[in-house]
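In our numbering, the protein residues as written are 47 to 150. Virtual Cβ for every residue (Gly too), placed ideally from N, Cα, C.
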Ligand code: SF4
């Protein structure tokens, strides 16, 4: 059974350990946007662009994904990243929504 002193020592180290884990590790902890979330439904977000129904989203063009959208905050090669539309949520790099805009 750890002593109170040992517990306090662990609690002091945890924030430093979280910082050392780096932004990628922290980003992975963030919630992934779900297709069923109300904000995702509003823009027809799909976690996999290959499943976009072009009869419902005719503006979708094959090859468009979150990874090549100007609002995607992830780095090249990341499986997910932030999106300017969804604060505090991550979107899949292979995802897509109606707000897609070509990355410059
Ligand atoms: Fe993906 Fe861009 Fe839509 Fe965000 S705005 S979900 S990055 S396509």
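- Task: Starting from residue 126, trace the beta strand (DSSP E) both ways and give me its first and last residue.
- Result: 126–129
- Message: Measuring straight from C-alpha to C-alpha, what distance separates residue 129 and residue 88?
- Response: 15 Å
- Message: If you reduce the DSSP assignment to three classes, tell me which class residue 88 lands in.
- Response: helix
- Should residue 98 be listed as close to the ligand SF4, given that the test is whether its C-beta is under 7 Å from any heavy atom? no
- Do residue 120 and residue 139 have their C-beta atoms closer together than 8 Å? yes
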